[in-house]
Structures are given as C-alpha cells and as structure tokens.
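*Asks:*
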Ligand code: NCD
Ligand code: ZN
C-alpha cells in the first residue's frame, strides 16, 4: 500500500450491508457477530435449504438471527451488536410464489425485497426462476408497491462461457425486464464486469448495483495463483483486471446508485476444499477495512461514507442509521502480528466443533482496522 502522510482515523455514519449470507444453525451462530459489529442493518439472502418463500418463514428466520446474535454478543470489546443490528429479510422468488405473499410480507415489514436467482446459477438456487418472464405478476405487484427486486445477474445457459454470463444476462434478461417493468426498483447484485457498471451508471434512477470487497480487490488470476485457490472462488466469478478497475471506478465515483453489499458467503473448510467446492468468499470479518483500503488507494475516502452508509438506504427508501463507526489507519510497516488477518478462523457456534472458515485477505495486513468501542 502507498503510505499517505497525515493519515488520521476515519469516522463514518454506521454503514449497512445490502447483500449478505448469514446461513442458519451453527454457521449462523458462528458468523452473525462479524456482520453485526460493523453494520447497522443487512439485507439477508434467502437461499437457505429450504429457501425462504413465505412471510412466516422469513419472520422465523429473522427471530433465529436475533437469537443467535444475542447468544454470540457479550464478547468483550465488541459493544453490544445485538442492540444495534437489524436484519432485513428477503423473499426467494420461485415460479410459484404468489404475488399476494410478497405484498403481505412487504406491507407487514417482514420482506424488504425479493431475490431473483436464475435456477441453477449459484448455491441453493435450484428452486429459482428459469426465466424472469415467468414471474410477471409478482414483478408487477412489486413495481406497484415499491418493493425492490434483487437480481443474481447471470445466465445459466451451459453454452455461454462462465466469464460472459453476467454480460449476457443483462442483454437477454435485464434489459427486457426493465422495459416490461419501467417503475420497478432493481438492484443488480455483486456486479463483476465493466459492462454491468456501465449499464447501471447509464441506466434509469430505479436501477442500482451492489459491489463486493472481493471484486474490488481480486481479478480472475487470484483463482489460479500457483495452484487452484478455492478461497477466491465465488459467483459471479471474478473477471479480468479491466473489469476490476471498472468496478473500483464505479464504487469510488460518487454515483449514488452504487453501494456496499459484501456478498459474504461462508462455507466451511471441507465444503470449499472438495472435488466440487462451493462458491462463496467469507469477507464479513474485515469487510469495512477491505473497502476502506480500496477507497484510500483511489484517494476517494471522502466518498466512502456515501457508498457505505447513504446510497443504499436512500435507494431502498429507508432512514440513514444513527451512530457511527471508526476505523484506524494501519501503517504498512507495522509488524504487530495482531494486525495480520488470520489464516483460519475457528469460530464458536455453540456446538462442540467450531466452524472453520478462511477469511478473505487471510495473511494480509489491511490499511485500516475497525475501532472496537
Ligand atoms: C453465494 C452462497 O454461497 O450462498 N455464493 C457466492 O459465491 N456468492 C450465493 C450467491 O450469492 O451467488
Ligand atoms: Zn450472494
């Protein structure tokens, strides 16, 4: 990292994570504290097994998240995240989910948005949608009531090269969908290409995108650096360097339609290191530090708060958080071993066997560290 003179601590309005996988059961208990200690709210993905397809299931999942957080709070130095964190729930769109269920959940404040997974595109997406044109009535309802549609934007056509699946999705599905539903609020999640960044930047005001920390830091070379590296495998998969640069430019541009969404997607060690390893990067433990490092490299720290704490709630039509978080700069030559991101986390999950997860940035020293209060 380039050392900058006069680096001082950075305090921003408490941010939100507009895309996270918190899982369930033991894994939920292991990971929820990492998200809650940084973020005021998080849009929680519904791709559980079985997926969250009803208001009742979402409310019960929300209760389990809050219970897991209360159980994991009390760690010294972490304040009381259970008191400041609100999980925002999402519905998993299927071709049979009734539009009335979406409307009920949205009006009751249980569903904040609905997620469109193309069937087979990613982890637990088999029950997803084969073609967005099949769910017209649901999308019409969402458009009418102002409920955001969150999209995993990749085609699943095996004929399409995996590195082209996002760009092809925009052309084949997203453009027609926006034409059919011009008033629908749409978030293209975890964008990975220059094509997506340009499409969103040039698109209408009701179209936005989340950007992950890993897509700002790595390109596809990371997957193959001196061997096969499953910890850098996620979906949509990282692309060429020119795409990473376009994402960095978009995130730090100040355009309010780009905002923070980590797509933190924990999979245990065994699930990552297997003949058919799962897609997903566990970046929650150092997410803010990871983003801040990029913004500083781009001389754009003055735009960090908008990306992390303002653009998301404004797009969703939610109030900004009260309260703040602070980050302290770390000097590149600081050799305090506690500043190195651990190679492996062994997280208490309330069972006899801790959850073993490799965090994003394992072994690195980031430019910033969250201050614990
Ligand atoms: C996510 C997961 O594991 O649930 N994986 C990932 O690589 N991002 C699913 C998703 O968001 O695609
Ligand atoms: Zn995701």
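Residue numbers (the numbering used here): 2 to 374.
Every residue, glycine too, gets a C-beta built ideally from N, C-alpha and C.
#1: Taking a contact to mean a Cβ-Cβ separation below 8 Å, would you say residue 287 touches residue 231 in this structure?
#2: Let me know the secondary structure DSSP gives residue 1 once reduced to three states.
#3: Quick one: what does DSSP say residue 142 is sitting in, helix, strand or coil?
#4: Where does residue 119 sit, in a helix, a strand or coil, going by DSSP?
#5: Along the beta strand (DSSP E) that carries residue 191, what are the first and last residues, could you check?
#6: Can you tell me the Cβ-Cβ gap for residue 340 and residue 370, rounded? I've got them flagged as a contact below 8 Å.
#7: If you follow the alpha helix (DSSP H) that residue 317 is part of, which residue opens it and which one closes it?
#8: Less than 7 Å separating the Cβ of residue 337 from some heavy atom of ligand 1?
#9: Use the C-beta contact count for residue 372: other C-beta atoms within 10 angstroms, 16 or more gives buried, fewer gives exposed.
#10: Of the choices 235, 218, 274, 222, whose alpha-carbon is the least far from that of residue 250?
#11: Please indicate yes or no: does the CB of residue 157 lie closer than 7 Å to some heavy atom of ligand 1?
#12: Ligand 4 heavy atoms versus the CB of residue 153: any closer than 7 Å?
#13: Could you name the residues of the same chain whose beta carbon sits closer than 7 Å to that of residue 234, not counting the 5 residues immediately before and after it, in chain order?
#14: Classify residue 365 as helix, strand or coil using the three-state DSSP reduction.
#15: I'd like to know whether the C-beta atoms of residue 117 and residue 133 end up nearer to each other than 8 Å.
#16: From the DSSP output, which residues share a beta bridge with residue 18?
#17: In this structure, how does DSSP classify residue 172 when only helix, strand and coil are distinguished?
#18: With H, G and I counted as helix, E and B as strand and the rest as coil, what does DSSP make of residue 199?
#19: Can you tell which of 26, 130, 82 has the C-alpha that lies nearest to the C-alpha of residue 95?
#20: According to DSSP, simplified to helix, strand and coil, what is residue 32?
#21: What number of angstroms, rounded off, separates the C-alpha of residue 77 from the C-alpha of residue 357?
#22: Does the beta-carbon of residue 2 have 16 or more other beta-carbons within 10 angstroms, so that it is buried, or is it exposed?
*Replies:* A quick look at the data gives this:
#1: Not in contact: residue 287 and residue 231 (Cβ atoms no closer than 8 Å).
#2: With the chain covering only 2 through 374, there is no way to say anything about residue 1.
#3: Correct three-state label for residue 142: helix.
#4: In the structure shown, residue 119 adopts extended strand secondary structure according to DSSP, grouped into three states.
#5: Neither: residue 191 is in no beta strand (DSSP E) and is coded neither H nor E.
#6: The pair is a contact, with the Cβ atoms about 7 Å apart (cut-off 8 Å).
#7: Element bounds for residue 317: 312-317.
#8: With a cut-off of 7 Å, the C-beta of residue 337 is classified as distant from ligand 1, since no heavy atom of the ligand falls inside that distance.
#9: Classification of residue 372: exposed, given that the 10 Å Cβ count is below 16.
#10: Closest option to residue 250, Cα to Cα, is 218.
#11: For ligand 1, not one heavy atom lies less than 7 Å from the Cβ of residue 157.
#12: What this structure holds is ligand 1 and ligand 2, not ligand 4.
#13: Here the set comprises 224, 278, 280.
#14: When DSSP states are grouped into helix, strand and coil, residue 365 belongs to the coil group.
#15: Taking 8 Å as the cut-off, the beta carbon of residue 117 is found closer than this to the beta carbon of residue 133.
#16: The partner list for residue 18 (beta bridge, DSSP) reads 43.
#17: Helix at residue 172.
#18: It is helical.
#19: Cα-wise, what sits closest to residue 95 is 130.
#20: Residue 32 falls in the helix class under three-state DSSP.
#21: Any reading at residue 77 needs caution, since the residue's pLDDT is 42, under 50, leaving its predicted position unreliable; the model's value is listed next. Answer to the nearest angstrom: the Cα atoms are 21 Å apart.
#22: Low confidence applies here, because residue 2 scores a pLDDT of 46, under 50, leaving its location unreliable; read the following figure in that light. Exposed, since its Cβ has fewer than 16 Cβ neighbours within 10 Å.
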